[in-house]
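A quick write-up on the structure given underneath.
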Amino acid sequence: MRFLVLALALLAGLKIWIQDTVYRSAAEEAIVLAYRARAADACAGASHPALAPDRGAPADWSSGAEPRVTVGNPALGVHVWDVDNALWNARFRQPYLVLAAPGAGLACTYDILAATATIARS
Numbered sequence: 063m064r065f066l067v068l069a070l071a072l073l074a075g076l077k078i079w080i081q082d083t084v085y086r087s088a089a090e091e092a093i094v095l096a097y098r099a100r101a102a103d104a105c106a107g108a109s110h111p112a113l114a115p116d117r118g119a120p121a122d123w124s125s126g127a128e129p130r131v132t133v134g135n136p137a138l139g140v141h142v143w144d145v146d147n148a149l150w151n152a153r154f155r156q157p158y159l160v161l162a163a164p165g166a167g168l169a170c171t172y173d174i175l176a177a178t179a180t181i182a183r184s
């Protein structure tokens, strides 16, 4: 009887994990499809001469490496316990789309809610 209860608990845990994984991958794919073009345009407009690619050609944000979706911007200096800070949501809750320029060593972080982009060396 214990084995049956343990097996059912394991199957229930496995079912929950699979559903969560499928949901997260589908949500990430939908976000990338919806915002990739906007992110590429914002990243192209946010070019900074000091961060020019190593080869001298402008970075191609529209194609290249697979983009990834992140939650929160670790570049912001806000602590978890500082919930009254105006940037707390941007640091820990807002979604970002990160595009990497192939071969240029640059990464563009697109803030989906604010529709702004920042470029940094990766």
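For the sequence shown, this note's numbering begins at 63 and goes up steadily by one. A virtual CB, placed ideally from N, CA and C, is assigned to each residue, including glycine. These numbers come from a predicted model, not from an experiment.
Secondary structure of residue 93, DSSP reduced to three states: Looking at residue 93 - three-state DSSP - the assignment turns out to be helix.
Cut-off 6 Å between Cβ atoms - residues of its own chain near residue 180, not counting five sequence neighbours on either side: The answer, listed in chain order, is 171.
Measure the CB-CB distance between residue 155 and residue 134 and report whether it falls below 8 Å. yes
Inter-stretch contact at 8 Å, needing at least 3 Cβ pairs: the region 145-154 / the region 73-87: no
I need the DSSP call for residue 168, collapsed to helix, strand or coil. strand
How many Å lie between residue 123 and residue 96 at the Cα? 15 Å
Could you spell out the range, first to last residue, of the beta strand (DSSP E) harbouring residue 163? Element bounds for residue 163: 157-163.
Within 8 Å, strictly: CB atoms of residue 93 and residue 175: no
Would you kindly work out how many angstroms separate the C-alpha atoms of residue 136 and residue 178, rounded to a whole number? 16 Å
One question on the structure: do residue 126 and residue 169 come within less than 8 Å of each other, judged by their Cβ atoms? If you check the CB distance, residue 126 and residue 169 do not come in under 8 Å.
Just reading off the alpha helix (DSSP H) that residue 152 is part of, what are its end residues? 150-154
Identify the residues that DSSP records as bridge partners of residue 181: which are they? Residue 181 is bridged to 170.
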